[in-house]
Ligand SMILES: Cc1cc2nc3c(=O)[nH]c(=O)nc-3n(C[C@H](O)[C@H](O)[C@H](O)COP(=O)(O)O)c2cc1C
Ligand code: SF4
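Right, dumping it as structure tokens:
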């Protein structure tokens, strides 16, 4: 039987246990994507928390991406050293680290020099190819910085999530019209990264469902997962739109994406990570021991208590103090409002 606290070896990475930190945008990078001292401090604190592994907050692959404030970037070679410093902090504590590569939106430069966001439907094929190459080059930089892996962000209606969604993508060319065409972009990204990097673990975060009319349903997400596996993906993290559900009660609405993640785990041969609302050791243990899901991942509990997993391992805590109020989304550096 799988155990929550056991080492797991996966394609070049040894995870200390089966609890991962899910990507959590800190919003503190400089406008050009540089990592600030506050950023390093956040990861230094997490590194000491005995997590199985850490996935960084979303890191944009592009300079021309103004979707969110304070995004880290891996869009230029000059940023590699700063990421190498972050990786070193985590490796010093034997914690593997995966960087979440994302595009918020594609912004086209106008003749007057200003930028305007272009919708999924208005992108030219050349711009789509440019985006594919940006993801591949960011992954190559991630490997140079020493990251153990990269996670392609295809969830939460970020750019790729909108692109694969029939609710948004109305294209009539080879990138739209059916799942095969809508998924072509992520297939090219994963295949490209696999071909051009040596030993990066390549994972993806996906929506199990878009939870909107005309959006991806679980059957489509299973098809997307199969496409990712055929492209060489090493693991898949299952999330969904409406990601950070509020007012979670232990034992009631914890682990709200588990039933979806189980369906995906039944359909594909790669390890599955499930995120969303884990607040107790009992719930996480039960998912690991009684389902075919391999990892659980958490975000808000670590904003509340960065060492929560250490506390669980040492038997000091069994339940997170996070009350899922979501006030951290609006606080400086997304710090939990209940922390001093
Ligand atoms: C402040 C904040 C920032 C987040 N940033 C990201 C992000 O960068 N990438 C991502 O995929 N999910 C992000 N999420 C979503 C979390 O990774 C997670 O999927 C969600 O909060 C549910 O898990 P939880 O109940 O353990 O918090 C963020 C959540 C919060 C609260
Ligand atoms: S502000 Fe604190 S308690 Fe509220 S959701 Fe965020 S981490 Fe949890």
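In the working numbering, the protein residues as written are 1 to 340. Quick reminder that beta carbons are idealized off the backbone N, C-alpha and C, glycines included.
Ignore the nearest five residues each way along the sequence and tell me which others in residue i's own chain have a CB closer than 7 Å to its CB.
| i | result |
| --- | --- |
| residue 84 | 145, 146 |
| residue 123 | 106 |
| residue 45 | 306 |
| residue 197 | 139, 140, 143 |
| residue 159 | 103, 104, 105, 106 |
| residue 252 | none |
| residue 110 | 116 |
| residue 343 | Past the boundaries of the shown model lies residue 343; the chain is included only from 1 to 340, so the question cannot be answered. |
| residue 36 | 28, 29, 30 |
| residue 279 | 248, 250, 254, 301, 319, 320, 322 |
Count the other C-beta atoms from every protein chain shown that fall within 10 angstroms of the C-beta of residue i, then say buried if there are 16 or more, exposed otherwise.
| i | result |
| --- | --- |
| residue 96 | buried |
| residue 77 | exposed |
| residue 1 | exposed |
| residue 359 | There is no way to answer for residue 359, as the model of the chain reaches only from 1 to 340. |
| residue 207 | buried |
| residue 184 | buried |
| residue 342 | What is shown of the chain runs 1 to 340, which leaves residue 342 out entirely. |
| residue 28 | buried |
| residue 134 | buried |
| residue 331 | exposed |
| residue 175 | buried |
| residue 316 | exposed |
| residue 203 | buried |
| residue 212 | exposed |
| residue 59 | buried |
| residue 334 | buried |
| residue 195 | exposed |
| residue 17 | buried |
| residue 254 | buried |
| residue 82 | buried |
| residue 188 | buried |
Kindly examine ligand 1 and report whether one of its heavy atoms sits closer than 7 Å to the Cβ of residue i.
| i | result |
| --- | --- |
| residue 154 | no |
| residue 281 | no |
| residue 57 | yes |
| residue 230 | no |
| residue 84 | no |
| residue 24 | yes |
| residue 277 | yes |
| residue 205 | yes |
| residue 132 | no |
| residue 318 | no |
| residue 100 | yes |
| residue 246 | no |
| residue 239 | yes |
| residue 250 | no |
| residue 243 | yes |
| residue 334 | yes |
Per DSSP, which one or two residues make a beta bridge with residue i?
| i | result |
| --- | --- |
| residue 20 | 53, 297 |
| residue 205 | 153, 237 |
| residue 100 | 151 |
| residue 72 | 59 |
| residue 115 | 109 |
| residue 15 | 8 |
| residue 272 | 236 |
| residue 80 | In DSSP, residue 80 forms no bridge with anything. |
| residue 319 | 280 |
Note down, in chain order, each residue of its chain lying with its Cβ closer than 8 Å to the Cβ of residue i, except the 5 sequence neighbours on either side.
| i | result |
| --- | --- |
| residue 92 | 47 |
| residue 40 | 85, 86, 89 |
| residue 209 | 215, 216, 217, 218, 221, 240, 241, 260 |
| residue 200 | 12, 139, 142, 143, 147, 148, 149, 150, 193 |
Please go through the same chain and pick out, in chain order, the residues whose beta-carbon is closer than 6 Å to the beta-carbon of residue i, but skip the five residues on each side of it.
| i | result |
| --- | --- |
| residue 24 | 57, 299 |
| residue 281 | 312, 318 |
| residue 245 | 256, 277 |
| residue 309 | 19, 49, 50, 51 |
| residue 155 | 161, 205, 206, 207, 239 |
| residue 262 | 291 |
When every heavy atom of ligand 4 is checked, does at least one fall within less than 7 Å of the C-beta of residue i?
| i | result |
| --- | --- |
| residue 298 | As for ligand 4, it is missing from this structure, which binds only ligand 1 and ligand 2. |
Any heavy atom of ligand 2 nearer than 6 Å to the CB - residues listed | 300, 303, 304, 322, 323, 324, 325, 326, 327, 328, 336, 337, 338
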